[in-house]
Every structure is written in structure tokens, then in C-alpha cells.
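**Q**
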Amino acid sequence: MALELVTVPCLSDNYAFLLQDDASGATAVVDVPEAAPILETASARGWTITEVWITHHHADHTQGLADVLAEHKAVVRGGAADAHKLPPLDHTYSGEDLFDFAGHEVRVIDVPGHTTGHIAFYVADAAAVFTADSLMALGCGRLFEGTAEQMWGSLTRLMALPAETTVCSGHEYTASNAKFALTIDPDNPKLISRSVAINAARAAGEATVPSTLALEMDTNPFLRASNPDIRAHLGMTDAADVQVFAEIRARKDAF
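23 is the number of the first residue of the sequence shown in this note's numbering; add one for each residue after it.
#1: Whose CA, out of Ile220, Met181, Thr138, Phe166, lies closest to the CA of Leu157?
#2: I'd like the list of long-range same chain contacts for Thr114, defined as Cβ closer than 8 Å, with 5 residues on each side in sequence excluded.
#3: According to DSSP, is Leu165 part of a helix, a strand, or is it coil?
#4: In this structure, how does DSSP classify Arg99 when only helix, strand and coil are distinguished?
#5: Which class does Trp75 belong to by DSSP, given the choice of helix, strand or coil?
#6: Can you tell me whether Phe277 is buried or exposed? The criterion is at least 16 other CB atoms within 10 Å of its CB, across all chains shown.
#7: Taking the DSSP output, what are the residues bridged to Tyr195?
#8: Take Thr70 as the anchor and find which of Val97, Thr77, Ala159, Leu33 has the nearest alpha-carbon.
#9: Here's a check: name, in chain order, each residue in its chain whose Cβ is nearer than 6 Å to the Cβ of Ala247, leaving out the five neighbours to either side.
#10: So what's His83 in DSSP terms, helix, strand or just coil?
#11: At what residue ranges does the stretch 166-236 contain a whole run of the beta strand (DSSP E), taking only runs of 3 or more?
#12: Expressed to the nearest angstrom, what Euclidean distance is found between the alpha-carbon atoms of Gly257 and Gly161?
#13: Ignore the nearest five residues each way along the sequence and tell me which others in Ala170's own chain have a CB closer than 7 Å to its CB.
#14: What is the DSSP secondary structure of Leu256, reduced to helix, strand or coil?
#15: Ala203 and Pro250 look like a contact to me (Cβ under 8 Å); what is the Cβ gap, rounded to whole Å?
#16: Quick one: residues in its chain with C-beta nearer than 8 Å to the C-beta of His78, no 5 flanking neighbours on either side, listed in chain order?
#17: Can you tell me whether His113 is helix, strand or coil according to DSSP?
#18: Starting from Thr137, follow the beta strand (DSSP E) in both directions and report where the run begins and ends.
#19: In three-state terms, what does DSSP make of Pro243?
#20: Taking Cβ to Cβ, would you say Leu235 is nearer than 9 Å to Leu183?
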């Protein structure tokens with residue numbers, strides 16, 4: 023039962039993702055920043071969208087929904103905590119809930135911080151997690167509604183997934199995130215190498231999303247609060263991990 027994953031650039035720097043089960047033709051789209059590129063990508067592949075999975079309520083992840091549903095009679099899934107802020111949902115979920123997608127188990131993970139009702143979707147059969155604005159390529163979402171403690175807990179849950187997991191995040195912020203990351207972790211050779219590769223990819227007009235969890239854990243400063251070099255660089259050798267994370271997040275807000 024093979025699954026095919028397609029990244030769809032939307033708006034100026036958003037991403038949606040199409041996930042199709044080859045055997046049944048069932049096709050899910052994760053987040054709907056705008057309809058046109060999603061519909062065009064599905065049409066070009068001859069796919070019918072059967073499900074929409076929404077990670078959180080921000081307009082740049084939901085505003086294309088009505089136009090997608092006008093062409094595809096899809097089931098809409100989203101977080102229970104955000105249901106009052108989201109378009110009408112057919113099914114709502116909280117952390118560690120499971121649902122079936124064409125015979126594939128989908129695990130919902132609560133990832134508050136960017137918003138209090140943010141969820142992620144983990145599909146083991148695709149070795150992919152859809153994190154939107156929680157864990158991002160070399161970053162994490164700004165804390166618009168939640169706390170540093172909540173976001174650190176969210177990232178800790180995501181870090182527990184298999185290292186080979188593909189991280190499908192919601193924005194093309196990676197180049198600017200890399201510049202910031204180098205101010206926190208300047209002597210990390212893997213980060214330096216990744217930064218060079220990111221700049222080359224962007225110069226060629228290529229996407230830097232998705233990434234992998236292993237790469238994020240090696241290079242993303244928001245996942246590396248326990249790293250002794252980062253702690254020494256910040257002058258926080260004896261601080262709790264969540265305090266180090268909060269300091270990194272505060273520095274990014276002012277960067």
C-alpha cells in the first residue's frame with residue numbers, strides 16, 4: 023500500500039501537501055493556504071481529493087478550503103480545541119487520537135505553542151509528519167497564543183518520532199532561519215554545511231521543505247536546548263532545557 027507525497031508551494035512562502043494512497047486513489051491535502059495550486063497539482067496527476075487535514079486556524083492554512091471543497095467532496099478533519107475557530111469540520115481530534123486513511127493509521131499529536139489548538143499528523147506508513155507551524159525547517163513557530171513551556175513540550179513529542187521521519191512544515195523560512203541558527207550554534211559543522219546548501223537551493227529557486235527529523239535534530243537550535251555548546255554560548259550552562267529554549271525563541275523574535 024504505497025503512499026505518494028507531493029509538496030505544493032502556495033501563496034508567497036506557504037506549503038500544502040498532497041498524500042495519495044496508490045491502491046485506492048484516496049488523496050488527502052494537509053492545509054489549504056490557497057486553492058489554485060492545490061487544485062492544479064491534483065488535476066495534473068488525475069487525483070481526486072477525498073480528505074482535508076487542517077493543522078491550525080490561521081488563515082494562511084485554511085483560506086483555500088471553500089474553493090477546494092467546491093470541486094472535491096472531501097471529508098475535513100481538524101483539531102477539537104480549534105474547532106470554534108476553524109471552518110466546519112466533519113471530524114475533530116485531540117492529541118494521540120488515531121484515524122484511518124485508506125488503511126493507513128494517522129496519529130494526531132497535540133503541538134500547542136504557535137496556537138493553543140495546533141495539531142500535527144503523523145503517518146508512519148509514509149514516514150512523514152505534517153507539522154505546519156510547530157516544528158519548522160531550522161525553526162519553530164512564533165508563540166502567538168501558547169507559551170514556551172507548551173512549545174517545548176510539543177517539540178519534545180515530535181523529537182520522539184523516528185529519526186528518518188520526513189518533516190513537512192508549513193513555510194519557506196529556512197534561509198532566514200539558518201542565518202539566525204548560526205548566531206546560536208556558530209561552530210556546528212552540520213549547520214554550516216546545511217546553510218550553504220540552503221542558500222544554493224534558494225538561489226536555484228528550489229524548495230528547502232520538507233526536511234528530515236534527523237537533520238533538524240542535528241542543526242535546528244530550537245531542538246538543541248540540551249546541547250552543551252549552545253548552553254555555553256548562551257551563558258546558560260546550568261539552566262533547564264525549557265529555559266534555554268525560551269531564550270532562543272526570545273532571541274529569534276528580536277532577530
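Note that beta-carbon positions come from the ideal geometry of N, C-alpha and C, so glycine has one too.
**A** This is what the structure gives:
#1: Met181
#2: Excluding positions up to five away in sequence, the list reads Arg99, Gly100, Gly101, Ala102, Ala105.
#3: Leu165: coil per DSSP, three-state reduction.
#4: strand
#5: In the three-state scheme derived from DSSP, where H, G and I count as helix and E and B as strand, Trp75 is classed as strand.
#6: exposed
#7: Beta-bridge partners assigned by DSSP to Tyr195: none are found.
#8: Val97
#9: Asp263, Val266, Phe267
#10: helix
#11: Counting only runs of 3 or more, we get 188-191.
#12: 21 Å
#13: Closer than 7 Å at the Cβ level, and outside the excluded window around Ala170, lie Val264, Phe267, Ala268, Arg271.
#14: The answer is helix: DSSP assigns Leu256 an H, G or I state.
#15: The Cβ separation is near 17 Å, so there is no contact.
#16: Gly101, Asp104, His136, Thr137, Gly139, His140, Ile141, Ala154, Asp155
#17: DSSP places His113 in the strand class (E or B) of the three-state scheme.
#18: Run containing Thr137: none; DSSP gives neither H nor E here.
#19: helix
#20: Cβ atoms of Leu235 and Leu183: closer than 9 Å.
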